[in-house]
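Heads up: the protein sequence lines correspond to chains A and B, in order. Residue 145 in my numbering is what sits at position 146 of the first sequence, and the numbering runs on without skipping anything. Count along the second sequence starting at 1, add 60, and that's the number in my numbering. A quick write-up on the structure given underneath.
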Amino acid sequence: MRTSRTSCKRPQLPGWGLTFGFTIFYLTIVVLIPLLALFLKSITMDWNEFVATMSHPRVLAAIRLTFGASFLAALINVVFGSITAWSLIRYRFPLRKLLDALVDLPLAMPTAVSGIALATIYSHTGLVGSHPFPLGIKTANSSLGVLIALIFIGFPFVVRTLQPAIEDLDQEMEQAAASLGATRFQTVMKVTIPSLLPAILTGFTLAFARALGEYGSVIFIAGNLPMKTEIASLLIVSRLDENDIAGASAIAFVLLTATLLILLLIQAIGWYFNRRTGRQA
Amino acid sequence: MASHKLKADSVDPWWVRWLLIGATVGFMVFLLVLPLGVIFWEAIRKGWGVYVIALTDRSARNAIMLSLIAAGISVPLNFLFGLAAAWATTKYSFPGKSLLISMIDLPFAISPIIAGLMYVLVFGLQGWLGATLASWGIQVIFAVPGVVLATIFVTFPFVARELIPLMQEQGSEEEWAAISLGASGWQTFLKVTLPNIKWAILYGVLLCNARAMGEFGAVSVVSSNIRGRTNTIPLQIDALYNDYKTAAAFALASILATLGVITLIAKTLLEQKLEQQNVQEEST
Numbered sequence: 000m001r002t003s004r005t006s007c008k009r010p011q012l013p014g015w016g017l018t019f020g021f022t023i024f025y026l027t028i029v030v031l032i033p034l035l036a037l038f039l040k041s042i043t044m045d046w047n048e049f050v051a052t053m054s055h056p057r058v059l060a061a062i063r064l065t066f067g068a069s070f071l072a073a074l075i076n077v078v079f080g081s082i083t084a085w086s087l088i089r090y091r092f093p094l095r096k097l098l099d100a101l102v103d104l105p106l107a108m109p110t111a112v113s114g115i116a117l118a119t120i121y122s123h124t125g126l127v128g129s130h131p132f133p134l135g136i137k138t139a140n141s142s143l144g145v146l147i148a149l150i151f152i153g154f155p156f157v158v159r160t161l162q163p164a165i166e167d168l169d170q171e172m173e174q175a176a177a178s179l180g181a182t183r184f185q186t187v188m189k190v191t192i193p194s195l196l197p198a199i200l201t202g203f204t205l206a207f208a209r210a211l212g213e214y215g216s217v218i219f220i221a222g223n224l225p226m227k228t229e230i231a232s233l234l235i236v237s238r239l240d241e242n243d244i245a246g247a248s249a250i251a252f253v254l255l256t257a258t259l260l261i262l263l264l265i266q267a268i269g270w271y272f273n274r275r276t277g278r279q280a
Numbered sequence: 061m062a063s064h065k066l067k068a069d070s071v072d073p074w075w076v077r078w079l080l081i082g083a084t085v086g087f088m089v090f091l092l093v094l095p096l097g098v099i100f101w102e103a104i105r106k107g108w109g110v111y112v113i114a115l116t117d118r119s120a121r122n123a124i125m126l127s128l129i130a131a132g133i134s135v136p137l138n139f140l141f142g143l144a145a146a147w148a149t150t151k152y153s154f155p156g157k158s159l160l161i162s163m164i165d166l167p168f169a170i171s172p173i174i175a176g177l178m179y180v181l182v183f184g185l186q187g188w189l190g191a192t193l194a195s196w197g198i199q200v201i202f203a204v205p206g207v208v209l210a211t212i213f214v215t216f217p218f219v220a221r222e223l224i225p226l227m228q229e230q231g232s233e234e235e236w237a238a239i240s241l242g243a244s245g246w247q248t249f250l251k252v253t254l255p256n257i258k259w260a261i262l263y264g265v266l267l268c269n270a271r272a273m274g275e276f277g278a279v280s281v282v283s284s285n286i287r288g289r290t291n292t293i294p295l296q297i298d299a300l301y302n303d304y305k306t307a308a309a310f311a312l313a314s315i316l317a318t319l320g321v322i323t324l325i326a327k328t329l330l331e332q333k334l335e336q337q338n339v340q341e342e343s344t
């Protein structure tokens, strides 16, 4: 038994020790130890102190705004991101390639740069913000401003997740549905959207998770009024400025745990759909 | 590749097509094109003189210098890590491999502010190592080393993330052929693997560099507010903008925006290059 197992075992390419060792060493130093520091700091916190920190009205308001705006932004991105991905893949029109490349702009641009650009355009004197302002709609220094920045930052995640899914769509299914007498609308609702559902959910979740932790592109347009337009990340910074490291850690712990759970959920979604389609096949 | 599919697309009525294309263009203009345009417009609106002064002023030069230092240290380190991690995770099979790949992605999932806080907890005066390091005369948080460390964390996965899927797809047959012909490990890597992944490396390094120069949240947590000493370009932009020195803020922002646009162009070119490679391989 033993000899047969070793003879079956494939020899290895050189470099295992060096590359694996360095990978683990570097990962531990740069990522895992600092991460452990945050978890230990939060876990060793006195429970009553933790509850008191988290139930402070300013903290609750910031968390509500962060989660609410992130959720709404991801939802809006699902609508416009789907339309964008569909148009970019299925239709041919002038400047299509340029727009396709521009989708990644929010990821390529430093957040502070995006932040001041969005704040300038959407301020009440700005190129866009000055038009709805007389009607009483504030696109900056308001929760609408937070929403705009979070839509900006989440957009590429939805489009880039949906594009390969649309490319892989089985167009014969659509044609089959059409030849069986379904209208185009029925085909889209009953065939196309259900087969895109896993990608839509994944894109939504990625955009939502990214928005939860976003800082740079939000703080310039938000106005940062406590209780009104202050996001959780900014509150962590304020707590740190007040030297309240425990308070900052508590908020960070909640935000990070939520983000990681959401990303785990994506894995679960992928696993669920893979298993289902695997069974059907 | 997609040409045979295209004909089937005329199923959408013209007005649906135009509605969807119109929505796409409109949404992207308001969300992406206008913000990109306003950066350059605001930067040069007050004239080239103001623009040049804004970029050559002492604190701007210091900020550019510190950003170059942070990128100059973090990019090579993360490049080496990317190579090692990609080799280890694509050339061997071992238990826990997908867990390792997920952990490499962790810095993507962690908010920059939380990343900065984590480093404060390790290296700050009330943290694990801060007091010890301070007794040796080393200050990390609110000083240049903190800025560098935060930058390393934020840009940690970029090169690895570009290389792992590509090397997974390419497999290791070519490497095995070289080894069996008597090449050493290093020769194999330099002569066989490297040429196959050079464009992905270039893009990964460009992306890593653009992010290193542009990181804001994590760096703002670990840097002090003493201007000119630990201000990177984004922190200087923040300071100028809050002082209502809009033209100077956008002048500095235009450098980073240019870097971002170059990264986007490089990405597009790389994708074309990889597509060509695939087509060539399929035809041979």
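A virtual CB, placed ideally from N, CA and C, is assigned to each residue, including glycine.
For A:Trp15, the three-state secondary structure derived from DSSP is helix. Pairing B:Ile201 with A:Arg275, the inter-Cα distance amounts to about 50 Å.
Residues Thr119 of the same chain have their beta carbon placed closer than 6 Å to that of A:Gly125, with the five preceding and five following residues left out of the count. Taking C-beta atoms under 8 Å as the contact rule, B:Ala175 and B:Ala210 qualify, at a distance of about 6 Å. The three-state secondary structure of A:Met108, taken from DSSP, is coil. For chain A, the residues of the stretch 311 to 334 of chain B that bring a beta carbon within less than 8 Å of one of its beta carbons are Ala313, Leu316, Ala317, Gly320, Val321, Thr323, Leu324, Ile325, Lys327 and Thr328, in chain order. Judged by DSSP in its simplified three-state form, B:Pro205 adopts helix.
Scanning the stretch 134 to 210 of chain A from its first residue to its last, the whole alpha helix (DSSP H) runs of 4-plus residues come out as 142 to 167, 170 to 178 and 183 to 186.
By the rule that beta-carbons nearer than 8 Å mark a contact, B:Trp259 does not touch chain A. Relative to A:Leu262, the option among A:Gly114, A:Leu205, A:Phe132 and A:Tyr214 whose CA is nearest is A:Leu205.
Using a Cβ-Cβ cut-off of 8 Å, A:Phe92 counts as an interface residue toward chain B, since at least one Cβ of chain B sits closer than that to its own. Here A:Ile42 is exposed, its C-beta having fewer than 16 other C-beta atoms within 10 Å. Contact between A:Gly269 and A:Pro197 holds, with the beta-carbon distance rounding to 7 Å and staying under 8 Å. Within chain A, the residues whose beta carbon sits less than 8 Å from that of B:Phe87 are Phe79, Ile82 and Thr83, listed in sequence order. Per the C-alpha coordinates, the member of A:Ala251, A:Leu12 and A:Ala267 positioned closest to A:Val58 is A:Ala251.
Here A:Pro131 carries a coil assignment [DSSP, helix/strand/coil]. For B:Met163, the enclosing alpha helix (DSSP H) has its first and last residue at Lys157 to Ile164.
Inter-residue distance for A:Arg159 and A:Ala107 is about 14 Å (C-alpha atoms, whole angstroms). Under the 10 Å beta carbon count, A:Leu39 is surrounded by fewer than 16 other beta carbons and is classified as exposed.
Only exposed fits A:Leu17, as fewer than 16 other CB atoms lie within 10 angstroms of its CB. Linking A:Gln185 to A:Ser142 through their CA atoms gives a straight-line distance of about 37 Å.
Per the C-alpha coordinates, the member of B:Ile325, B:Gly320 and B:Thr306 positioned closest to B:Ile104 is B:Thr306.
Within chain B, no C-beta atom comes nearer than 7 Å to that of A:Gln185; the closest sits roughly 12 Å away. At a beta-carbon threshold of 7 Å, the residues of chain A lying near B:Pro95 are Ser113, Ala116, Leu117 and Ile120, ordered along the chain. Taken through DSSP and simplified to helix, strand or coil, A:Asp99 comes out as helix.
Exclusion of the five residues before and after A:Ser232 leaves Tyr214 as the residues of its chain whose Cβ lies within less than 6 Å of its Cβ.
Between A:Lys96 and B:Asn269, the alpha-carbon positions lie close to 25 Å from each other. Within chain B, the residues whose beta carbon sits less than 9 Å from that of A:Gln11 are Lys151 and Tyr152, listed in sequence order. With a cut-off of 8 Å on Cβ pairs, the stretch 157 to 168 of chain B is not in contact with the stretch 234 to 253 of chain B, counting fewer than three such pairs. Sequence-ordered contacts of the stretch 195 to 225 of chain B with chain A read Ile212, Phe213 and Phe216 [C-beta pairs closer than 7 Å]. From the beta-carbon of A:Tyr271, no residue of chain B is found nearer than 7 Å; the closest lies around 17 Å away. At a C-beta separation below 9 Å, B:Asp117 has no neighbours in chain A, since its nearest C-beta there lies roughly 18 Å away.
If you draw a straight line from the Cα of B:Phe100 to the Cα of B:Ala311, it comes to about 8 Å. B:Asn291 counts as buried, since at least 16 other C-beta atoms from the protein chains shown sit within 10 angstroms of its C-beta. For B:Gly190, the enclosing alpha helix (DSSP H) begins and ends at Gly190 to Ser195.
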